[in-house]
Amino acid sequence: MTNQTIPTASGEIVIQSVNKSYGYGKDLKEVVKDCSLTIEAGKLSVMIGPSGCGKSTLIRLLAGFEKPTSGNITINGKPITGPNKDRLVVFQESALFPWMTTEENILYGPKARGELNQKSKDLAAFLIDKVGLNQFKSKFPNQLSGGMQRRAELARALINQPEVMILDEPFRGLDEMSKELMWEYYANLYEENRLTNFFVTTDIDEAIFLADRLIIMTNIPTQVAEIIEVNIPRPRRLSALFESDEANDIKMRALKILHQEAMKSFKSGSKAAADFIDAYSKRATNE
Ligand SMILES: Nc1ncnc2c1ncn2[C@@H]1O[C@H](COP(=O)(O)OP(=O)(O)O)[C@@H](O)[C@H]1O
Ligand SMILES: [Mg+2]
Numbered sequence: 330m331t332n333q334t335i336p337t338a339s340g341e342i343v344i345q346s347v348n349k350s351y352g353y354g355k356d357l358k359e360v361v362k363d364c365s366l367t368i369e370a371g372k373l374s375v376m377i378g379p380s381g382c383g384k385s386t387l388i389r390l391l392a393g394f395e396k397p398t399s400g401n402i403t404i405n406g407k408p409i410t411g412p413n414k415d416r417l418v419v420f421q422e423s424a425l426f427p428w429m430t431t432e433e434n435i436l437y438g439p440k441a442r443g444e445l446n447q448k449s450k451d452l453a454a455f456l457i458d459k460v461g462l463n464q465f466k467s468k469f470p471n472q473l474s475g476g477m478q479r480r481a482e483l484a485r486a487l488i489n490q491p492e493v494m495i496l497d498e499p500f501r502g503l504d505e506m507s508k509e510l511m512w513e514y515y516a517n518l519y520e521e522n523r524l525t526n527f528f529v530t531t532d533i534d535e536a537i538f539l540a541d542r543l544i545i546m547t548n549i550p551t552q553v554a555e556i557i558e559v560n561i562p563r564p565r566r567l568s569a570l571f572e573s574d575e576a577n578d579i580k581m582r583a584l585k586i587l588h589q590e591a592m593k594s595f596k597s598g599s600k601a602a603a604d605f606i607d608a609y610s611k612r613a614t615n616e
């Protein structure tokens, strides 16, 4: 049913020589610098980069919340001039409405547009089933676990049938078990709908498990350091993934680049970089 209701993939985003800086004079802060990237339609592109490198800034530009200082961003060849909820959904750790049930929360978008009808209710039922919340559709958010809340939020975004799903560290803060379960739910949704997805994370395992393309960013001011195509067949199984040489090779390659990026900013004396090097050095050697 969703194969008919969710449109086939479009939503190619082209970022060309984008710069974004804040402030002036001695307060000038360059966050994104000469960044060029094509987010391919119908693919799940995962961006990974050090904390504070400028990922969320880039997302605000894609969503049209802010404008680049210079450079161009287009979607399907047309310039992005402002936010458009049907086209781009930024999925964050936003609160569900506490006074609405799971089902009411998921139906919020259609209701707000005056499209609360049998079709939207059927789609809600389908998505509630897909995210494993059948038993919880009449419960309120405070009766759901953290993972269930994220799943409800995913369904709430997907019901709007956006051309592009943009997700900014959506599973941050979940415990390991819930996070891994989320990866599987989310990958499964993607494998069925094949929408253009742009997913930002700082978690390398999450990135490799999910990605068709892994976009590795430099430290601030950020630009693309390297793109790795992850041609591991779907559906992927988390338990088997990191037994494969391919996944491990990609992981080592990515960690090496991220480590080099952290080293660069370490030389510039940033404390965040020192923490980062610490974290990634441990991970690179422990595996
Ligand atoms: N409105 C702003 N004014 C000044 N600096 C900002 C603004 N927004 C973001 N920054 C700076 O940009 C940098 C990158 O932030 P962000 O894009 O949130 O990084 P990430 O999402 O990769 O962790 C930070 O150093 C932050 O201080
Ligand atoms: Mg961020």
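First residue of the sequence shown? That's 330 in the working numbering, and the numbers climb one at a time after it. Ideal Cβ placement from N, Cα and C applies to all residues, glycine included.
For residue i, the first and last residue of its enclosing alpha helix (DSSP H)
i, result
"A338", "It is not in any alpha helix (DSSP H) - A338 carries neither H nor E in the DSSP assignment."
Residue i: first and last residue of the uninterrupted beta strand (DSSP E) it sits in
i, result
"F538", "Looking at the DSSP string, F538 is not in any beta strand (DSSP E); the run it does join, the alpha helix (DSSP H), is 533-539."
With 16 other Cβ atoms within 10 Å as the buried cut-off, status of residue i
i, result
"I556", "exposed"
"R480", "buried"
"Q552", "buried"
"N434", "buried"
"G411", "exposed"
"G378", "buried"
"N405", "exposed"
"K372", "buried"
"P491", "buried"
"P397", "buried"
"S474", "exposed"
"I344", "buried"
"G502", "exposed"
"D356", "exposed"
Beta-carbon separation (whole angstroms), residue i vs residue j, contact threshold 8 Å
i, j, result
"A554", "M546", "6 Å"
"T530", "V418", "Rounded, the Cβ-Cβ distance is 17 Å, inconsistent with contact."
"V360", "Y351", "7 Å"
"I388", "T525", "No, I388 and T525 are not in contact; Cβ-Cβ is about 14 Å, not under 8 Å."
"I495", "L452", "With 8 Å as the limit, I495 and L452 do not qualify as a contact, their Cβ atoms being about 20 Å apart."
Those runs of the beta strand (DSSP E) which lie wholly inside the segment 458-500 and span at least 3 residues | 493-497
For the segment 521-587, which segments carrying the beta strand (DSSP E) assignment without a break, of at least 3 residues, lie completely within its bounds, in sequence order?
-> 525-530, 542-546, 553-558
Starting from the N-terminal side, write out each stretch of the alpha helix (DSSP H) that is 4 residues or longer and does not extend beyond the segment 363-444.
-> 384-391, 431-435, 437-441
Whose CB is closer than 7 Å to a heavy atom of ligand 2? List the residues in chain order.
-> K384, S385, D497, E498, V529
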